[in-house]
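> For the sequence shown, the positions run -17 to 300 when my numbering is used.
No residue lacks a Cβ here, since even glycine has one placed at the ideal position from N, Cα and C.
Only a predicted model underlies this, so the values are computations on that prediction, with no experimental measurement involved.
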Amino acid sequence: MNLYLQSLAFTANTVAPIFFIVFLGILLKRIRLIDEAFVATSSKLVFTLTLPALVFMAISSTDFQSVFNPQQLIYFVGATLTTFTLLWWLAARWIKDGRDLGVFIQGAFRGNYGIIGLAVSYNLFADAGLAQASILLAMVIPLYNVLSIIALTLPMQKDGGLSLGGALLEIVKNPLILAVLLALPFSFLGWQLPEVAEKTGRYFANLTLPLALLAIGGSLSLKSLRDTSAMAFWATAAKLVIIPVLLTLGAWIYGFDGQDLAMLFILFGCPTAAASFVMAKATGGNAQLAANIILTTTLGSVLSLSAGIYLLRVWGVI
(Lines of atoms letter the chains of each structure in order from A and count residues from 1; the text may use other names and numbers.)
(Lines give C-alpha, C1' and ligand atoms only; values in the text may rest on other atoms or scores of the structure.)
Protein backbone atom coordinates (compact mmCIF):
# COMPACT_ATOMS: atom_id res chain seq x y z
CA MET A 1 0.00 0.00 0.00
CA ASN A 2 2.87 2.32 0.82
CA LEU A 3 4.20 1.95 -2.75
CA TYR A 4 0.84 2.99 -4.20
CA LEU A 5 0.59 6.04 -1.94
CA GLN A 6 4.15 7.06 -2.78
CA SER A 7 3.41 6.63 -6.49
CA LEU A 8 0.25 8.69 -6.15
CA ALA A 9 2.15 11.50 -4.41
CA PHE A 10 4.88 11.32 -7.05
CA THR A 11 2.29 11.60 -9.84
CA ALA A 12 0.54 14.53 -8.17
CA ASN A 13 3.81 16.39 -7.69
CA THR A 14 4.64 15.86 -11.37
CA VAL A 15 1.36 16.70 -13.08
CA ALA A 16 -0.63 18.90 -10.69
CA PRO A 17 1.60 22.03 -10.83
CA ILE A 18 1.40 22.08 -14.64
CA PHE A 19 -2.37 21.91 -14.84
CA PHE A 20 -2.92 24.19 -11.85
CA ILE A 21 -1.29 26.94 -13.90
CA VAL A 22 -3.40 26.03 -16.96
CA PHE A 23 -6.59 26.25 -14.87
CA LEU A 24 -5.30 29.48 -13.33
CA GLY A 25 -5.09 30.85 -16.87
CA ILE A 26 -8.75 29.89 -17.42
CA LEU A 27 -9.73 31.63 -14.16
CA LEU A 28 -7.71 34.78 -14.84
CA LYS A 29 -9.29 35.05 -18.29
CA ARG A 30 -12.75 34.59 -16.77
CA ILE A 31 -12.25 37.39 -14.23
CA ARG A 32 -10.64 39.51 -16.99
CA LEU A 33 -7.26 39.84 -15.33
CA ILE A 34 -5.80 38.61 -18.62
CA ASP A 35 -7.35 38.99 -22.07
CA GLU A 36 -6.91 37.92 -25.69
CA ALA A 37 -4.16 40.50 -26.18
CA PHE A 38 -2.18 38.98 -23.30
CA VAL A 39 -2.65 35.46 -24.67
CA ALA A 40 -1.52 36.54 -28.16
CA THR A 41 1.49 38.50 -26.91
CA SER A 42 2.64 35.90 -24.39
CA SER A 43 2.27 33.09 -26.93
CA LYS A 44 4.40 35.01 -29.41
CA LEU A 45 6.99 35.85 -26.75
CA VAL A 46 7.21 32.19 -25.68
CA PHE A 47 7.53 30.91 -29.25
CA THR A 48 10.09 33.43 -30.47
CA LEU A 49 12.22 34.04 -27.38
CA THR A 50 11.71 32.27 -24.06
CA LEU A 51 11.07 28.70 -25.28
CA PRO A 52 14.10 28.79 -27.64
CA ALA A 53 16.12 30.08 -24.67
CA LEU A 54 14.87 27.18 -22.54
CA VAL A 55 15.73 24.65 -25.25
CA PHE A 56 19.15 26.21 -25.85
CA MET A 57 20.05 26.27 -22.15
CA ALA A 58 18.86 22.69 -21.63
CA ILE A 59 20.90 21.24 -24.51
CA SER A 60 24.00 23.43 -24.22
CA SER A 61 24.55 22.51 -20.57
CA THR A 62 24.13 18.75 -21.13
CA ASP A 63 26.47 16.14 -22.60
CA PHE A 64 24.83 15.38 -25.96
CA GLN A 65 25.96 11.75 -25.96
CA SER A 66 24.19 11.12 -22.64
CA VAL A 67 20.75 12.22 -23.91
CA PHE A 68 20.84 11.45 -27.65
CA ASN A 69 19.14 8.14 -28.42
CA PRO A 70 18.87 7.44 -32.16
CA GLN A 71 16.74 4.33 -31.56
CA GLN A 72 14.22 6.49 -29.71
CA LEU A 73 14.05 8.94 -32.62
CA ILE A 74 13.66 6.12 -35.14
CA TYR A 75 10.86 4.56 -33.10
CA PHE A 76 9.07 7.91 -32.77
CA VAL A 77 9.20 8.60 -36.52
CA GLY A 78 8.11 5.08 -37.47
CA ALA A 79 5.32 4.99 -34.89
CA THR A 80 4.05 8.45 -35.90
CA LEU A 81 3.99 7.64 -39.62
CA THR A 82 2.20 4.34 -38.94
CA THR A 83 -0.32 6.02 -36.64
CA PHE A 84 -0.93 8.81 -39.15
CA THR A 85 -1.58 6.31 -41.97
CA LEU A 86 -3.92 4.13 -39.91
CA LEU A 87 -5.83 7.15 -38.60
CA TRP A 88 -6.39 8.37 -42.14
CA TRP A 89 -7.48 4.94 -43.39
CA LEU A 90 -9.94 4.40 -40.53
CA ALA A 91 -11.28 7.97 -40.38
CA ALA A 92 -11.88 8.17 -44.15
CA ARG A 93 -14.36 5.28 -43.84
CA TRP A 94 -16.46 7.31 -41.41
CA ILE A 95 -15.83 11.01 -42.10
CA LYS A 96 -16.80 12.07 -45.62
CA ASP A 97 -16.38 15.85 -45.37
CA GLY A 98 -12.77 16.82 -46.17
CA ARG A 99 -13.01 19.85 -43.83
CA ASP A 100 -13.62 17.47 -40.93
CA LEU A 101 -11.33 14.62 -41.97
CA GLY A 102 -8.06 16.56 -41.94
CA VAL A 103 -8.87 18.28 -38.64
CA PHE A 104 -9.77 14.95 -37.03
CA ILE A 105 -6.51 13.32 -38.17
CA GLN A 106 -4.40 16.26 -37.02
CA GLY A 107 -6.19 16.45 -33.67
CA ALA A 108 -5.66 12.75 -33.01
CA PHE A 109 -1.89 12.62 -33.65
CA ARG A 110 -0.38 16.10 -33.11
CA GLY A 111 0.58 16.64 -29.46
CA ASN A 112 1.55 19.78 -27.56
CA TYR A 113 5.02 18.44 -26.80
CA GLY A 114 6.68 21.86 -26.95
CA ILE A 115 4.94 23.05 -23.78
CA ILE A 116 3.15 20.25 -21.89
CA GLY A 117 5.72 17.62 -22.91
CA LEU A 118 8.70 19.71 -21.85
CA ALA A 119 7.02 20.65 -18.57
CA VAL A 120 6.20 17.05 -17.63
CA SER A 121 9.66 15.85 -18.73
CA TYR A 122 11.33 18.49 -16.57
CA ASN A 123 9.18 17.68 -13.54
CA LEU A 124 10.00 13.99 -13.92
CA PHE A 125 13.69 14.01 -14.81
CA ALA A 126 14.93 17.58 -14.16
CA ASP A 127 17.56 18.98 -16.56
CA ALA A 128 18.39 15.56 -18.10
CA GLY A 129 14.72 15.09 -19.04
CA LEU A 130 14.47 18.61 -20.41
CA ALA A 131 17.56 18.13 -22.57
CA GLN A 132 16.35 14.78 -23.95
CA ALA A 133 12.91 16.24 -24.60
CA SER A 134 14.49 19.16 -26.46
CA ILE A 135 16.34 16.76 -28.76
CA LEU A 136 13.08 14.94 -29.45
CA LEU A 137 11.37 18.27 -30.06
CA ALA A 138 13.77 18.99 -32.92
CA MET A 139 12.32 15.93 -34.69
CA VAL A 140 8.74 16.48 -33.54
CA ILE A 141 8.39 19.99 -35.00
CA PRO A 142 9.17 19.24 -38.67
CA LEU A 143 7.39 15.87 -38.74
CA TYR A 144 4.18 17.15 -37.14
CA ASN A 145 4.09 20.23 -39.36
CA VAL A 146 4.59 18.34 -42.63
CA LEU A 147 2.02 15.67 -41.74
CA SER A 148 -0.48 18.33 -40.67
CA ILE A 149 -0.15 20.13 -44.01
CA ILE A 150 -0.77 16.84 -45.84
CA ALA A 151 -3.77 15.94 -43.67
CA LEU A 152 -5.39 19.37 -43.95
CA THR A 153 -4.95 19.95 -47.68
CA LEU A 154 -5.23 16.60 -49.45
CA PRO A 155 -8.77 15.67 -48.27
CA MET A 156 -10.09 18.93 -49.76
CA GLN A 157 -7.88 18.53 -52.86
CA LYS A 158 -6.81 22.13 -52.73
CA ASP A 159 -4.14 24.42 -51.42
CA GLY A 160 -5.84 26.28 -48.62
CA GLY A 161 -3.11 28.84 -48.14
CA LEU A 162 -0.43 26.51 -46.78
CA SER A 163 1.92 24.59 -49.06
CA LEU A 164 4.43 21.88 -48.27
CA GLY A 165 7.23 24.13 -49.52
CA GLY A 166 6.00 26.97 -47.35
CA ALA A 167 5.79 24.65 -44.36
CA LEU A 168 9.38 23.47 -44.92
CA LEU A 169 10.56 27.07 -45.10
CA GLU A 170 8.79 27.87 -41.82
CA ILE A 171 10.41 24.81 -40.24
CA VAL A 172 13.88 25.97 -41.28
CA LYS A 173 13.17 29.40 -39.76
CA ASN A 174 11.54 27.95 -36.62
CA PRO A 175 13.20 29.50 -33.53
CA LEU A 176 13.14 26.16 -31.70
CA ILE A 177 14.97 24.37 -34.50
CA LEU A 178 17.53 27.20 -34.61
CA ALA A 179 17.97 26.99 -30.82
CA VAL A 180 18.73 23.26 -31.06
CA LEU A 181 21.26 23.79 -33.87
CA LEU A 182 22.99 26.62 -31.99
CA ALA A 183 23.15 24.61 -28.77
CA LEU A 184 24.64 21.44 -30.28
CA PRO A 185 28.25 22.75 -30.55
CA PHE A 186 28.13 23.77 -26.88
CA SER A 187 26.89 20.30 -25.94
CA PHE A 188 29.35 18.43 -28.20
CA LEU A 189 32.46 20.50 -27.47
CA GLY A 190 31.80 21.45 -23.87
CA TRP A 191 31.74 25.18 -24.56
CA GLN A 192 30.58 27.46 -21.76
CA LEU A 193 28.61 30.67 -22.06
CA PRO A 194 29.97 33.77 -20.31
CA GLU A 195 28.44 34.13 -16.84
CA VAL A 196 26.35 37.15 -17.84
CA ALA A 197 24.90 35.33 -20.86
CA GLU A 198 24.30 32.21 -18.76
CA LYS A 199 22.32 34.10 -16.11
CA THR A 200 20.37 36.08 -18.71
CA GLY A 201 19.50 32.90 -20.58
CA ARG A 202 18.33 31.24 -17.36
CA TYR A 203 16.06 34.20 -16.57
CA PHE A 204 14.40 33.93 -19.98
CA ALA A 205 14.21 30.14 -19.75
CA ASN A 206 12.53 30.31 -16.34
CA LEU A 207 9.80 32.53 -17.78
CA THR A 208 8.78 29.94 -20.36
CA LEU A 209 6.63 27.31 -18.70
CA PRO A 210 4.54 29.54 -16.38
CA LEU A 211 3.90 32.04 -19.18
CA ALA A 212 3.12 29.37 -21.76
CA LEU A 213 0.80 27.43 -19.44
CA LEU A 214 -1.09 30.60 -18.50
CA ALA A 215 -1.50 31.37 -22.20
CA ILE A 216 -2.84 27.86 -22.87
CA GLY A 217 -5.40 28.30 -20.10
CA GLY A 218 -6.34 31.76 -21.32
CA SER A 219 -6.92 30.44 -24.83
CA LEU A 220 -9.37 27.71 -23.75
CA SER A 221 -13.10 28.38 -23.89
CA LEU A 222 -15.12 26.08 -21.65
CA LYS A 223 -18.31 27.24 -23.39
CA SER A 224 -17.32 25.25 -26.48
CA LEU A 225 -17.73 22.03 -24.49
CA ARG A 226 -21.45 22.36 -25.28
CA ASP A 227 -20.63 21.96 -28.97
CA THR A 228 -18.45 18.88 -28.57
CA SER A 229 -19.22 16.27 -31.23
CA ALA A 230 -18.67 12.55 -31.65
CA MET A 231 -15.66 13.35 -33.84
CA ALA A 232 -14.09 15.41 -31.07
CA PHE A 233 -14.76 12.59 -28.60
CA TRP A 234 -13.09 9.95 -30.76
CA ALA A 235 -10.14 12.21 -31.60
CA THR A 236 -9.69 12.79 -27.86
CA ALA A 237 -9.94 9.08 -27.08
CA ALA A 238 -7.35 8.31 -29.77
CA LYS A 239 -4.99 11.09 -28.66
CA LEU A 240 -5.08 10.45 -24.92
CA VAL A 241 -5.76 6.72 -24.56
CA ILE A 242 -5.61 4.51 -27.64
CA ILE A 243 -2.45 5.87 -29.29
CA PRO A 244 -0.28 6.38 -26.16
CA VAL A 245 -1.25 2.98 -24.72
CA LEU A 246 -0.51 1.07 -27.94
CA LEU A 247 2.68 2.96 -28.81
CA THR A 248 4.07 2.86 -25.26
CA LEU A 249 3.36 -0.88 -25.11
CA GLY A 250 5.07 -1.24 -28.50
CA ALA A 251 8.07 0.73 -27.22
CA TRP A 252 8.32 -1.56 -24.18
CA ILE A 253 8.18 -4.64 -26.42
CA TYR A 254 10.81 -3.02 -28.66
CA GLY A 255 13.11 -2.83 -25.64
CA PHE A 256 12.80 0.68 -24.22
CA ASP A 257 12.76 1.06 -20.45
CA GLY A 258 13.23 3.64 -17.73
CA GLN A 259 13.51 7.27 -18.74
CA ASP A 260 13.45 6.49 -22.48
CA LEU A 261 10.12 4.64 -22.19
CA ALA A 262 8.59 7.34 -19.97
CA MET A 263 9.66 10.05 -22.42
CA LEU A 264 7.95 8.23 -25.27
CA PHE A 265 4.76 7.89 -23.23
CA ILE A 266 4.79 11.65 -22.55
CA LEU A 267 5.46 12.36 -26.22
CA PHE A 268 2.54 10.26 -27.44
CA GLY A 269 0.21 11.19 -24.56
CA CYS A 270 0.37 15.01 -24.73
CA PRO A 271 -2.89 16.87 -25.51
CA THR A 272 -3.44 18.24 -29.01
CA ALA A 273 -1.25 21.22 -29.91
CA ALA A 274 -2.87 24.66 -29.92
CA ALA A 275 -1.18 25.33 -33.28
CA SER A 276 -3.56 22.80 -34.86
CA PHE A 277 -6.39 25.37 -34.61
CA VAL A 278 -4.36 27.99 -36.48
CA MET A 279 -3.47 25.56 -39.25
CA ALA A 280 -7.04 24.26 -39.54
CA LYS A 281 -8.34 27.81 -39.92
CA ALA A 282 -5.67 28.73 -42.47
CA THR A 283 -6.52 25.76 -44.69
CA GLY A 284 -10.29 26.16 -44.51
CA GLY A 285 -10.81 23.17 -42.23
CA ASN A 286 -13.40 22.86 -39.48
CA ALA A 287 -11.88 25.30 -36.98
CA GLN A 288 -14.64 24.70 -34.41
CA LEU A 289 -13.84 20.98 -34.38
CA ALA A 290 -10.14 21.79 -33.99
CA ALA A 291 -10.88 24.07 -31.01
CA ASN A 292 -13.08 21.42 -29.37
CA ILE A 293 -10.38 18.75 -29.74
CA ILE A 294 -7.76 21.06 -28.19
CA LEU A 295 -10.07 21.79 -25.26
CA THR A 296 -11.16 18.21 -24.56
CA THR A 297 -7.66 16.74 -24.91
CA THR A 298 -6.14 19.44 -22.68
CA LEU A 299 -8.72 18.84 -19.94
CA GLY A 300 -8.64 15.06 -20.39
CA SER A 301 -4.85 14.88 -20.28
CA VAL A 302 -4.96 15.84 -16.59
CA LEU A 303 -6.32 12.33 -15.96
CA SER A 304 -4.62 10.42 -18.77
CA LEU A 305 -1.10 11.70 -18.13
CA SER A 306 -1.57 11.26 -14.38
CA ALA A 307 -2.78 7.69 -14.83
CA GLY A 308 0.08 6.81 -17.18
CA ILE A 309 2.77 8.28 -14.95
CA TYR A 310 1.23 6.58 -11.90
CA LEU A 311 1.27 3.17 -13.61
CA LEU A 312 4.83 3.63 -14.88
CA ARG A 313 5.87 4.52 -11.33
CA VAL A 314 4.09 1.51 -9.78
CA TRP A 315 5.67 -0.82 -12.35
CA GLY A 316 9.11 0.56 -11.51
CA VAL A 317 9.75 2.18 -14.92
CA ILE A 318 10.41 5.60 -13.35
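Determine, using beta carbons only, whether I198 and A133 come nearer to each other than 8 Å.
no
> Give the C-beta separation of T279 and K221 to the nearest angstrom, bearing in mind that I take them to be a contact with Cβ-Cβ under 8 Å.
5 Å
> Is the number of C-beta pairs between the segment -7 to 6 and the segment 150 to 168 that are closer than 8 Å three or more?
Because the criterion of three Cβ pairs below 8 Å is not met, the segment -7 to 6 and the segment 150 to 168 do not touch.
> Could you tell me which of L166, Q53, K181 sits nearest to S42, measuring between CA atoms?
Nearest to S42 by alpha-carbon distance, out of L166, Q53, K181, is L166.
> Going by the CB atoms, is the gap between L195 and I3 shorter than 8 Å?
yes
> What does the alpha-carbon distance come out to for the pair G111 and F50?
CA-to-CA, the gap between G111 and F50 works out to about 11 Å.
> Take G84 and list the residues in its own chain whose beta-carbon comes closer than 6 Å to its own, dropping the five residues that flank it on each side.
A133, L134, P137, G267
> Inspect the CB distances between the segment 214 to 234 and the segment 61 to 73 and report whether three or more fall short of 8 Å.
Judged by Cβ distances under 8 Å, the segment 214 to 234 makes contact with the segment 61 to 73, as three or more pairs qualify.
> In angstroms, rounded to a whole number, what distance separates the CA positions of K181 and V284?
33 Å
> Counting pairs of Cβ atoms below 8 Å between the segment 114 to 129 and the segment 239 to 250, do you hit three or more?
yes
> Have a look at the DSSP bridge pairing and note the partners of T280.
DSSP output for T280 lists no bridge partner at all.
> In this structure, how does DSSP classify T44 when only helix, strand and coil are distinguished?
The three-state secondary structure of T44, taken from DSSP, is coil.
> Under DSSP, the alpha helix (DSSP H) around V299 begins and ends at which residues?
First-last for V299: undefined, no H or E at that position.
> Cα separation between I275 and I13?
In a straight line, the C-alpha of I275 is about 24 Å away from that of I13.
> What did DSSP end up calling T265 once you bin it into helix, strand or coil?
If DSSP states are grouped into helix, strand and coil, T265 belongs with coil.
> I98 to A256, Cα distance in whole Å?
11 Å
> What first and last residue would you give for the alpha helix (DSSP H) that runs through Y(-14)?
-16 to 12
> Measure the CB-CB distance between M245 and L55 and report whether it falls below 8 Å.
no
> Does DSSP put A237 in a helix, in a strand, or in coil?
Here the sequence assigns Gly to residue 237, which means Ala is not the residue at that position. Note: G237 maps to coil in three-state DSSP.
> Expressed to the nearest angstrom, what Euclidean distance is found between the alpha-carbon atoms of A90 and A217?
5 Å
> According to DSSP, what are the bridge partners of G93?
T254
> Exposed or buried, P52, counting other C-beta atoms within 10 Å across all chains shown (16 or more means buried)?
exposed
> Candidates S24, L69, G172, F29: which alpha carbon is nearest Q47's?
G172
> With DSSP as the reference, label N302 as helix, strand or coil.
Outside the shown range of the chain, which is -17 to 300, sits residue 302, and nothing can be said about it.
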